[in-house]
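Colleague:
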Amino acid sequence: MRKKEPPAPEDVVSSSSQELPTRSIGVQTSMRLMKMVLEEFGERSSKRSKDTEKAMRDLAEKLRREYESEKQKVIQSTMKQMEKEMERVKEEYRNKISDIEDKHKHIISDTKKKQWCWTCEAEAIYHCCWNTAYCSIECQQVHWHKEHKKLCRRKR
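Position 8, counted from 1, in the sequence shown is what the UniProt record's numbering calls 8; the numbers after and before it change by one each time, with no gaps.
Dropping the structure here:
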């Protein structure tokens with residue numbers, strides 16, 4: 001079976017009676033009607049502009065409130081972290097101070113248990129009487145001849 005081929009353009013017959021008739025109509029829009037349409041368009045455009053502007057203001061206000069809320073949350077979180085860190089550091093320093101005080105008390109106690117040379121204030125190894133001691137024989141003799149001989153309470 002063969003397909004039917006379309007007729008060649010020279011084989012087509014046309015008649016002017018087969019063409020659809022066209023008609024032109026001229027219409028003139030009145031100035032009043034044009035002004036009304038223009039005003040209506042302007043009002044709609046103005047209303048849209050106002051609506052858009054209001055929506056933008058509302059959106060900006062919403063974003064500002066969200067920003068402020070987030071900022072407050074971050075500030076509070078940071079403050080809590082700082083307070084925790086400050087407490088940790090305070091506790092660390094309290095412990096250090098306590099350790100230093102304990103060492104200081106121990107050193108003072110050790111120092112009080114020792115006797116010191118009356119002349120040069122070095123640690124004493126020679127004792128004369130209840131409140132007089134010397135680090136060497138030289139220091140004892142210097143002090144003895146200057147003043148201690150008169151005040152010594154040791155039994156001779």
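Beta carbons: idealized from backbone N, C-alpha and C, even for Gly.
In three-state terms, what does DSSP make of T132?
Modeller: Looking at T132 - three-state DSSP - the assignment turns out to be strand.
Colleague: The alpha helix (DSSP H) with E70 in it runs from where to where?
Modeller: Its alpha helix (DSSP H) spans residues M31 to K113.
Colleague: Do you know offhand how far E87's Cα is from E66's?
Modeller: Using only the alpha carbons, I get a separation of about 32 Å.
Colleague: Please report the straight-line C-alpha distance between D58 and E70, rounded to a whole angstrom.
Modeller: Cα-Cα distance, rounded: 18 Å.
Colleague: Hey, quick one: how far does the alpha helix (DSSP H) through I137 stretch, first residue to last?
Modeller: From DSSP, the alpha helix (DSSP H) with I137 extends over I137 to H143.
Colleague: Check whether the segment 125-140 and the segment 97-110 touch, using three or more Cβ-Cβ pairs below 8 Å as the test.
Modeller: Cβ pair count under 8 Å is below three, so no.
Colleague: Applying the criterion that 16 or more other CB atoms from any shown protein chain within 10 Å of the CB defines a buried residue, is A55 buried or exposed?
Modeller: So A55 counts as exposed.
Colleague: Using DSSP bridges, identify the partner residues of H127.
Modeller: The partner list for H127 (beta bridge, DSSP) reads A133.
Colleague: In angstroms, rounded to a whole number, what distance separates the CA positions of E53 and E61?
Modeller: Approximately 12 Å between the Cα atoms of the pair.
Colleague: Using beta-carbon positions only, say whether C128 and R154 come within less than 8 Å of one another.
Modeller: Result yes, Cβ atoms of C128 and R154 sit closer than 8 Å.
Colleague: Applying the criterion that 16 or more other CB atoms from any shown protein chain within 10 Å of the CB defines a buried residue, is T78 buried or exposed?
Modeller: Exposed, since its Cβ has fewer than 16 Cβ neighbours within 10 Å.
Colleague: Assign A124 to one of two classes, buried (16 or more other C-beta atoms within 10 Å of its C-beta) or exposed (fewer than that).
Modeller: A124 should be labelled buried.
Colleague: Can you say whether Q141 is buried or exposed, counting buried as having 16 or more other CB atoms within 10 angstroms of its CB?
Modeller: Flag for Q141 reads exposed.
Colleague: Buried or exposed for C152, please, with buried defined as at least 16 other CB atoms from any protein chain shown within 10 angstroms of its CB.
Modeller: Exposed is the call here.
Colleague: I'd like the list of long-range same chain contacts for Q115, defined as Cβ closer than 6 Å, with 5 residues on each side in sequence excluded.
Modeller: For Q115, where only same-chain residues beyond five positions count, the Cβ hits under 6 Å are A124 and A133.
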